[in-house]
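Residue numbers (our numbering), protein chains in the order written: chain A, 6 to 539; chain B, 547 to 932.
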């Protein structure tokens, strides 16, 4: 892509650990984790709208929150305009927040009923003012501190140059510490895997036999004999436990061997380091450089003169709020009203004004239209598009409303269970979807057209749980085109040849590309429905 | 209409609030023909849910007051039936599926108990035993029960939840219903299979919070269908569900309508959902029915400006195709509705006649089907409206 992205995430993950009960701790059952966002790579260009669609529980709201830094990501990189957001300290993060604003999901719950509109909408202004004041006061201090640290670091580096043995020793120590940490992490992970396998096997033994997997679209075979719960025999359990213990022992053995290997390498290194020396000439040169640095140091830092902005007065806040309200289509006398005096659309507008008042670069719109009727929804969507044209905001539109995404977005990302399954231009994804889930989603959207009545929907099942999801494609359990490979390995997002910029995470993308979404709805009556009970 | 399950005539419903009295539903007439699905659409606050809840008299009265009109159901005017007799009509006569499946299932009872209660009620009523309005010897009480005294509660004669009046009573009930229990269980399982629930034996023993939204809604549907009601009122049954689950539930409902011959009043603000299910469509605006007719006719050639605007506001285009069409102005305040036609302040074809009372009522339209009616003085001009 030509321009640099405004927001860029790489392999972003957000996990929420579940609480462990006392029984879990005693039986050694590993901690269970909700994988809300699981390796999402997405970017938003300046002035662009990216629509994020998916069902509830797909992690789209969590992703929005992580991008706004309201949640800290568990893993992965998050960059804003080329700057690493994870490295910002508190002051700079607060100052950064004016760049990204969120319009929250519930316009009723996100407006304080005891505050007037000017207080609600003016709150980000006050926060911004405070952040700017802190920044202006602390930035010179921070620059001076950074300079002092840089001087100290450089001095130490030059000093070490004169002592190669010490330098090598320090490198070895760092390397050794890292190797040990990696060793420990790896074996802990393996241990968790073993525990999990063991407990899942035990659970499977206790659970009743599952009903034979129903073909897609025919959930529940009426008249089938009820599943027989097998008896858990002591022998079964003993066999599993023995296997588990064997695994643990083998692991401990490998672990000890690995540890010995790491220690040996460290000892050898230290022995080698003791022998390192400099030639007299080199030594003289380096010591001279060190002494020269002690005398001269680094060039003094440029400390910018940042004027501390004055505290924002109430009258000023009211003025700014009254100025922004017409922009979202509210009369300016609303500044003294309370949220309950507005209708749903009005509240959504107040919420929007609150996000726009600090003039952000990116607005995260979390379900902006879910609580609204079609007519009001059309007004809000129109306003969003106009504002983008006037002020050049970038939007991340999080919604399950495909119609809204169609109208507002330039690009669309489809999320399913914490992962992005398809990204592409709005025309590409909505007109020629490739991933089976996208097809299902589009086919499921009811169309206000009586000539296109459907009779049956072929995607069965519910959205599975996000707790410790299985390997492989997350949609495999509901997909009508599933093959064995889908259950075993996760299909990475890849570009489809012939469609630049359209990424799909499906092993069978090429094969299913031409299947129309409408074919997931069949017009024939399907298998006979079970007879109505008498 | 000769064969209407429920026939609403000139129904008006008021709400008493601190600011005064406002008319949420005014002068609505509606027939639900047997075996048909009648859809009601309208914006938030247009009175469609009030109408739906008024039919089985589920509205809290007061603040709601039925200001006038009739609700004729099986030859009885429900407006005149005393509230304490209504439970005998609810269930097998008129049943309801609510919007929030979590809030409308009892969190303290297992799925089995809730579905079994519905089946049991239907069986008692089908058996023709006279149903008293007082406490019944049976697993479930659904009539009026004497209030427990504090000493009843203290001595354990009263158990909250309404399952039985006392433990002794409960034992008696269990003894009597042991032989019918197995039969009941089989029927409950049948209904759960009917709504396509996998592994119903397991689901029976779960509590509602352990199920997903789609499952809960299917349980609600199973409960509603197991009573085989003459009229089923579905108040936004799929609004809380995801689109793929919504599609499953709608598909299921359509299949079941054919199997269990019932009439449905389907209330929704989603035109897409209505287009999929309904046979007839009524459009409500500010407490009034502004258009009614066979769904194909209403969708293809709406004869009220509001319907026309509502259909056009649904976003079906891309940003590059130009802005979405929305309705100018706002929904009127119902405590001070505009005189004459309620839609005239926002209507492009409004004339002086529209501003004088009384409001136009549903009238047949020249040049449209015989069953298509519209509450617009100038209904013939609407098709030419751009």
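For every residue, glycine included, the Cβ atom is placed at its ideal position computed from N, Cα and C. What you are looking at is a predicted structure, and each value in this text was computed from that prediction instead of being measured.
Minimum Cβ-Cβ distance from residue i to chain B less than 8 Å
| i | result |
| --- | --- |
| residue 537(A) | In this predicted model, residue 537(A) has a pLDDT of only 39, less than 50, meaning its place in the structure is not dependable; the value taken from the coordinates is given anyway. Taking Cβ atoms only, chain B reaches closer than 8 Å to residue 537(A), which makes this a yes. |
| residue 533(A) | Because residue 533(A) carries a pLDDT of 37, less than 50, the predicted location of this residue cannot be relied on, and the following value inherits that uncertainty. Residue 533(A) does not count as touching chain B. |
| residue 427(A) | no |
| residue 507(A) | no |
| residue 411(A) | yes |
| residue 334(A) | no |
| residue 353(A) | no |
| residue 386(A) | yes |
| residue 518(A) | no |
| residue 417(A) | no |
| residue 87(A) | no |
| residue 208(A) | no |
| residue 408(A) | yes |
| residue 108(A) | no |
| residue 349(A) | yes |
| residue 337(A) | no |
| residue 454(A) | yes |
| residue 487(A) | no |
CB of residue i within 8 Å of CB of residue j, strictly
| i | j | result |
| --- | --- | --- |
| residue 175(A) | residue 275(A) | no |
| residue 54(A) | residue 16(A) | no |
| residue 788(B) | residue 813(B) | no |
| residue 385(A) | residue 353(A) | yes |
| residue 806(B) | residue 757(B) | no |
| residue 901(B) | residue 878(B) | no |
| residue 362(A) | residue 313(A) | no |
| residue 471(A) | residue 41(A) | yes |
| residue 410(A) | residue 817(B) | no |
| residue 74(A) | residue 57(A) | no |
| residue 487(A) | residue 498(A) | no |
| residue 559(B) | residue 570(B) | yes |
| residue 819(B) | residue 796(B) | yes |
| residue 767(B) | residue 643(B) | yes |
| residue 839(B) | residue 733(B) | no |
| residue 522(A) | residue 438(A) | yes |
| residue 109(A) | residue 375(A) | no |
Proximal chain B residues relative to residue i, where beta-carbon distance stays under 9 Å
| i | result |
| --- | --- |
| residue 342(A) | Within chain B, no residue comes near residue 342(A); the closest Cβ sits about 15 Å away, beyond 9 Å. |
| residue 405(A) | 788, 789 |
| residue 431(A) | 864, 865 |
Within chain B, partners of residue i - CB distance below 8 Å
| i | result |
| --- | --- |
| residue 446(A) | 789, 790 |
| residue 141(A) | The premise fails here: residue 141(A) is roughly 40 Å from chain B at the closest Cβ pair, so nothing lies under 8 Å. |
Cβ of residue i within 8 Å of any chain A Cβ
| i | result |
| --- | --- |
| residue 686(B) | Here residue 686(B) scores only 48 on pLDDT, less than 50, and its place in the model should not be relied on; the value that follows carries that caveat. Residue 686(B) does not count as touching chain A. |
| residue 857(B) | yes |
| residue 864(B) | yes |
| residue 861(B) | yes |
| residue 770(B) | no |
| residue 925(B) | no |
| residue 896(B) | no |
| residue 793(B) | yes |
Within chain A, partners of residue i - CB distance below 8 Å
| i | result |
| --- | --- |
| residue 815(B) | 378, 379 |
8 Å Cβ cutoff, residue i in contact with chain D
| i | result |
| --- | --- |
| residue 819(B) | The structure shown contains no chain D; its protein chains are A and B. |
Beta-carbon neighbours of residue i, restricted to chain A and to distances below 9 Å
| i | result |
| --- | --- |
| residue 565(B) | Within 9 Å Cβ-Cβ: nothing; residue 565(B) doesn't reach chain A, min ~12 Å. |
Heavy atom of the ligand MG within 7 Å of residue i beta-carbon
| i | result |
| --- | --- |
| residue 862(B) | The ligand MG is not part of this structure, which contains no ligands at all. |
Chain-ordered chain B contacts of residue i [CB-CB under 7 Å]
| i | result |
| --- | --- |
| residue 358(A) | Ordered by position in chain B, no residue passes the 7 Å Cβ test against residue 358(A), which lies about 18 Å from the chain. |
TODO: Determine, using beta-carbon pairs with one atom in the stretch 33–47 of chain A and one in the stretch 391–398 of chain A, whether at least three such pairs fall under 8 Å.
DONE: no
Task: At least 3 beta-carbon pairs within less than 8 Å: the stretch 105–113 of chain A vs the stretch 342–356 of chain A - done: yes
- [ ] Report the residues of the stretch 866–879 of chain B with a CB closer than 7 Å to any CB of chain A, ordered along the chain.
- [x] 869, 870, 871, 872, 873
Open item on the list: Tell me which residues of the stretch 45–76 of chain A have at least one Cβ-Cβ distance to chain B shorter than 7 Å, keeping chain order.
Closed with: 60, 61
Open item on the list: Using a Cβ distance threshold of 8 Å, determine whether the stretch 178–187 of chain A contacts the stretch 284–295 of chain A, with at least three qualifying pairs required.
Closed with: no
Open item on the list: Quick test of the definition: if touching needs 3 or more C-beta pairs under 8 Å, does the stretch 828–838 of chain B touch the stretch 606–625 of chain B?
Closed with: no
- [ ] Please name the residues in the stretch 578–591 of chain B whose beta-carbon is closer than 9 Å to at least one beta-carbon of chain A, in chain order.
- [x] 588, 589, 590, 591
Open item on the list: Assess contact between the stretch 121–134 of chain A and the stretch 86–96 of chain A, defined as three or more Cβ pairs (one per stretch) separated by less than 8 Å. Is contact present?
Closed with: no
Task: Cβ pair count under 8 Å reaching 3, the stretch 127–136 of chain A against the stretch 360–375 of chain A - done: yes
Open item on the list: What are the residues in the stretch 642–667 of chain B lying within 8 Å of chain A by C-beta distance?
Closed with: none
TODO: Could you tell me whether the stretch 194–212 of chain A touches the stretch 249–264 of chain A, using the rule of 3 or more Cβ pairs below 8 Å?
DONE: yes
Task: the stretch 660–670 of chain B in contact with the stretch 734–744 of chain B per 3-pair CB rule at 8 Å - done: yes
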